[in-house]
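Participant: What follows is a structure written as structure tokens; I'll ask about it next.
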């Protein structure tokens with residue numbers, strides 16, 4: 028197998044896993060993003076320098092959501108693989 032084929036195959040797999048992760052979660056993620064509006068306003072009140080201190084919180088939250096969704100997709104794949112046997 029060539030490197031190009033493996034790269035293309037992994038790219039398509041990544042795309043399908045991403046779609047599985049976000050199925051039914053888009054509205055929840057939108058609400059989560061809206062919950063940080065207060066933090067952004069607080070950071071803007073401090074002459075916009077406060078944004079530097081506020082940005083890590085939403086980014087860390089999105090990273091944790093990603094990890095949770097990734098684990099849930101892995102569990103779903105394990106369940107469907109064992110059921111197909």
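In my numbering, the protein residues as written are 28 to 112.
Ideal placement from N, C-alpha and C gives every residue a C-beta, glycine not left out.
1. Tell me whether the beta-carbon of residue 67 lies closer than 9 Å to the beta-carbon of residue 78.
2. Comparing C-alpha positions only, which one of 69, 75, 85 and 81 sits nearest to residue 58?
3. Please check the pair residue 47 and residue 100, which I expect to be a contact at CB under 8 Å, by giving their CB distance rounded to whole angstroms.
4. Would the beta-carbon of residue 88 fall within 9 Å of that of residue 63?
Facilitator: Working from what's here:
1. Position 40 of the chain shown, counting from 1, holds the residue named residue 67. Position 51 of the chain shown, counting from 1, holds the residue named residue 78. Yes. Within cutoff.
2. As a position in the chain shown, residue 58 is number 31, starting the count at 1. Its Cα nearest to that of residue 58, the residue 85 stands out among 69, 75, 85 and 81.
3. Looking up residue 47 in the chain shown gives position 20. Looking up residue 100 in the chain shown gives position 73. In this structure residue 47 touches residue 100 by the C-beta definition: roughly 5 Å separates them, less than 8 Å.
4. For the purposes of this step, residue 88 is taken as residue 61 along the chain shown, with counting starting at 1. For the purposes of this step, residue 63 is taken as residue 36 along the chain shown, with counting starting at 1. Yes. Within cutoff.
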